[in-house]
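Have a look at the structure below, then the notes.
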Amino acid sequence: MESRIYNLSESIVFHKTTAPYGGLSNMASGYSLYVNEIIIPTSEHLYQALRYTAFPEIQAEIIAQDNGMKAKMISNKYKKEYSRRDWEQIQIKVMRWVLEIKLAQNKDKFGKLLTSTGQKPIVEYSPKSKLWGAVQSGDQLVGINALGRLLMELRQKYIHQKQDLFCVEPLNIEQFLLYNHPISTICDDFYYEPIGSAYETSDECIG
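In this note's numbering, the protein residues as written are 86 to 292.
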């Protein structure tokens, strides 16, 4: 992906989860995911956990965190030594997959948020990351903005073109695992008890 330039005044910009478009952030709460019968609090938790598919104990520690920022901090603690060797090659593909699950399982809330962005460019403002977001330079934002571009791709395919998104197939990559189990097809019609279930399941899987 190449770097791009966005006009600040003409873009949907998100950064803080409490801001009007904060739900576009992977850190945003209120968009829980359900994968392999595991409740995952945010898309950030899931993305970070998939960096460590050979280490279920690290995945469990990440998913047990009560917010996305803590999940990322735990991930950062391990990434130099335990991250997948192919992570740099697959990280965009993994993020796209995670976002599709976020939309499939939160169609009303997340779908309405994406719809509300219209046709405007979606940009994640970041003070330093030029890969996932863009940094401000005067009245412009400059960066690869990979997350914003994936969100625009999602918006175009499933909102504007109205393609159905009921189920998301697992990625065809080696060791695509959660708690040592292959990740199955993820569908939108899930039901669960929200208290305790995620952590009880994770303890059982890694015990």
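Cβ coordinates follow ideal geometry from the N, Cα and C atoms, glycine included.
If we ignore side chains and look at the alpha-carbon of each, how far apart do residue i and residue j end up?
i, j, result
"SER269", "TYR132", "16 Å"
"ASP171", "ASN257", "13 Å"
"ILE291", "PRO267", "With a pLDDT of only 31 at ILE291, under the threshold of 50, the placement of this residue in the model should not be trusted; the figure read from the coordinates follows. Answer to the nearest angstrom: the Cα atoms are 14 Å apart."
"VAL179", "ILE229", "17 Å"
"THR102", "SER211", "13 Å"
"MET154", "ASN111", "9 Å"
"TYR277", "GLN246", "Low per-residue confidence applies at TYR277: pLDDT is 43, beneath 50, and the placement is therefore not dependable enough to give any value."
"LYS205", "LYS213", "23 Å"
If you reduce the DSSP assignment to three classes, tell me which class residue i lands in.
i, result
"ASN92", "strand"
"GLN260", "coil"
"TYR210", "strand"
"GLY228", "strand"
"ILE148", "helix"
"THR102", "coil"
Just to confirm, is the Cβ distance from residue i to residue j under 8 Å?
i, j, result
"TRP217", "LEU198", "no"
"TYR106", "PHE99", "yes"
"SER128", "ILE147", "no"
What are the start and end residues of the alpha helix (DSSP H) that includes residue i?
i, result
"SER160", "153-167"
"SER35", "Only positions 86 to 292 of the chain appear in this structure, which leaves residue 35 out of reach."
Return the Cβ separation of residue i and residue j in integer angstroms, given the expectation that the two are a contact with Cβ distance under 8 Å.
i, j, result
"TYR167", "TYR137", "6 Å"
Hey, quick one: how far does the beta strand (DSSP E) through residue i stretch, first residue to last?
i, result
"LEU118", "118-120"
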